[in-house]
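In the numbering used here, the protein residues as written are 524 to 625.
Where a beta carbon is used, it is the ideal one built from N, C-alpha and C, also for glycine.
Report on the structure given below.
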């Protein structure tokens, strides 16, 4: 089981989010991947779980800004396309980071 507790969360640049985990691993997640896999109700159908946005349709040059902590369990951000309703839990970010690097 992987540890989903971040030690440091930072934007290395507007197109990447870097998370250093307490277990020593680091995840670098592109803004395009974050936008494509947004977990909000606009992007994932609340009843069926169907993804309403095709991650492949998100432009590679997507950027993120206004990174903010949500309690002690998640982050939120605004994307260059104006989208801002996603709340990314730490376990979800860990999963996205592992899938991107794997």
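Looking at residue j and residue i, is the spacing between their C-beta atoms short of 8 Å?
i, j, result
"residue 600", "residue 590", "yes"
"residue 528", "residue 541", "no"
"residue 596", "residue 562", "no"
Under 8 Å by Cβ, that's how I've got residue i and residue j pegged, so tell me the actual separation to the nearest angstrom.
i, j, result
"residue 558", "residue 602", "5 Å"
Near residue i, which residues of its chain fall below 7 Å by C-beta distance, leaving aside the five closest residues on each side in sequence?
i, result
"residue 593", "599, 610"
By Cβ distance below 8 Å, which residues in the same chain neighbour residue i in space, the five residues on each side in sequence not counted?
i, result
"residue 545", "526, 528, 529, 530"
Looking only at its chain, what residues have a beta carbon closer than 6 Å to the beta carbon of residue i, apart from the 5 residues adjacent to it on each side?
i, result
"residue 586", "537, 538, 554, 603"
State buried or exposed for residue i, treating a residue as buried only when at least 16 other CB atoms are found within 10 Å of its CB.
i, result
"residue 533", "exposed"
"residue 560", "buried"
Counting only C-beta atoms, is residue i closer than 8 Å to chain C at any point?
i, result
"residue 603", "Absence of chain C from the displayed structure is noted, only one protein chain being present."
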